[in-house]
Structures are given as C-alpha cells and as structure tokens.
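Under this note's numbering, the residue at position 66 of the sequence shown is numbered 50, and the numbers go up by one with no gaps.
Note that CB positions come from ideal geometry on N, CA and C, so glycine has one too.
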Amino acid sequence: MHQPPLLRVARHADMQAIGRLDADVFGEEVYPTFFFRQAMDLWPDLLIVAELDGKLLGYALGGMGQDRSQGWLLSLAVLPEARGFGLAERMMLQVEQGLAALQTTSVRLTVDPANPAQRLYYRLGYALLAEEPGYFGPGEDRLLLEKRLA
C-alpha cells in the first residue's frame, strides 16, 4: 500500500461490502447485513470502515451497552491482505473516540482465547476482566477485556 487507507464513518451504500468483508474474514458465522444497517441507525458514528481506492479493507463496529457508560467493540475485521499496516488499531481508536464523545467511561470486547489479535488489545490498554467458557455456546469460549476511557 503506497498511500494509507482512508478511515471514515460507514454509509448506507457500504452495507453489502461490509457484509462480504465480514464473511471473507469470519466465514459462515457472521452478522447478517441487516444487523450492520440497524447498528448504523443506533450508533451512526461507531461503524468505521477503512477504504483504499474504493475497496473496503476493514471495519470496526462499536455499540453502547444497556448501561450508557459502557461501550462495546462488537466486531473488528481486516482483510488478510491488509493486515500489518495498523488498520485495526486506527479503527479501534476511532471507535473509542466515538464512544468517549457519547460519555462512555469504558469499552469492552470479547475475543477468542486463540485469536492473536488479543496482543493488539492488550497493547492498546485493554485488561482481562473475565474468562467466559461457552460465551457463545459450547466450545465458544471468550476472554472479556475492558479498557477505561479518559
């Protein structure tokens, strides 16, 4: 990549591309496209995409918890060919800024214990809150991480 990808808030026209990107990164267990559309209505500044030459390379989706002081990083995806350029970090930080602007004091995320992305999360200041066996069902363990926002 010669020029850095542009980070921007997702638009309605991005929905199909976000759905394809999600399937490319995560396989069959993905959010349906309508979820992204509804998330955009709920949290318009918390669905961030990375774009280069008209192609989406990644996205980060934040959301609010029932307790409005609690934010979430619900999903983060970067195409394999776009990894290693800091896109995930840049998108996460933009989601965190959006959450801070909404007066959240912390952000949580869950991650598969085998996912190497957890190194990024710890580096960005996330701390282990709990280990959750069967979080999404049998064999779907997750680590629950949290970061305090300034």
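query: C-beta atoms of Leu83 and Val95 nearer than 7 Å; result: no
query: Selection from Leu30, Glu65, Lys131 that minimises the alpha carbon distance to Val79; result: Leu30
query: Buried versus exposed call for Gly123 [16 or more other C-beta atoms within 10 Å across all chains shown]; result: exposed
query: Exposure of Tyr110, with buried meaning 16 or more beta-carbon neighbours within 10 Å; result: buried
query: Through-space distance from Asp25 to Arg4, alpha-carbon basis; result: 20 Å
query: Glu116 - partner residues in DSSP beta bridges; result: Arg126
query: Local conformation of Arg(-8) per DSSP, three classes; result: strand
query: Helix, strand or coil at Thr94 [DSSP, three-state]; result: strand
query: Distance between Glu130 and Leu93 (C-alpha atoms, nearest Å); result: 7 Å
query: Identity of the residues DSSP links to Met48 by a beta bridge; result: Gly55
query: Beta-carbon contacts of Gln87 that lie in its chain and below 8 Å, excluding the five residues immediately before and after; result: Arg52, Ser53
query: Between the CA atoms of Tyr43 and Glu35 - distance to the nearest angstrom; result: 9 Å
query: Ile2 - partner residues in DSSP beta bridges; result: BP columns for Ile2 are empty, so no partner.
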